[in-house]
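Structure first, commentary second.
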Amino acid sequence: MNNEITQSTPSSGNVFIDLGFPPEEAALMAMRSELMASLRLRIAENNWTQAQAADVLRIGQSRVSDLVRGKWDKFSLDMLVTLATRAGKRCSLVVA
46 MNNEITQSTP SSGNVFIDLG FPPEEAALMA MRSELMASLR LRIAENNWTQ
96 AQAADVLRIG QSRVSDLVRG KWDKFSLDML VTLATRAGKR CSLVVA
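As structure tokens, then:
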């Protein structure tokens, strides 16, 4: 049996804050990552090839590649909302 003591730190609910990003930047990064994950899931659910996803999203196949590879720094929040809408998703903002 392992007798090591493991210490854990409760999450703030936003991994980017936990990693030390300022709150305003962390909020934007969390929104972008959630939209990207939703888009990747939509592509997978529909079994779209990257070429098919590019047609639906009206972007180049290389941009779809960036999206599915999680290259979040290549997409603005505005662009991700546009792509999600083109993919048939409904986007809304909740301010708490």
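Residues in the sequence shown are numbered consecutively from 46, following the numbering used here. The beta carbon of each residue, even a glycine, is placed where N, CA and C say it ideally should be.
Q | Reduced DSSP secondary structure (H/G/I, E/B, other) of PHE66 | A | coil
Q) For the alpha helix (DSSP H) that ALA129 lies in, which residues bound it at each end? A) 122-131
Q | Spatial neighbours of MET124 in its chain, beta-carbon cut-off 6 Å, leaving aside the 5 residues before and after | A | none
Q: Go to ALA98, then tell me how far its alpha helix (DSSP H) extends in each direction, as first and last residue.
A: 95-102
Q) Over what stretch of residues does the alpha helix (DSSP H) that includes GLN106 continue unbroken? A) 106-113
Q) How big is the Cα-Cα spacing for SER107 and ALA98? A) 11 Å
**Q.** Contact under 8 Å by Cβ, ASN59 with ALA75
**A.** yes
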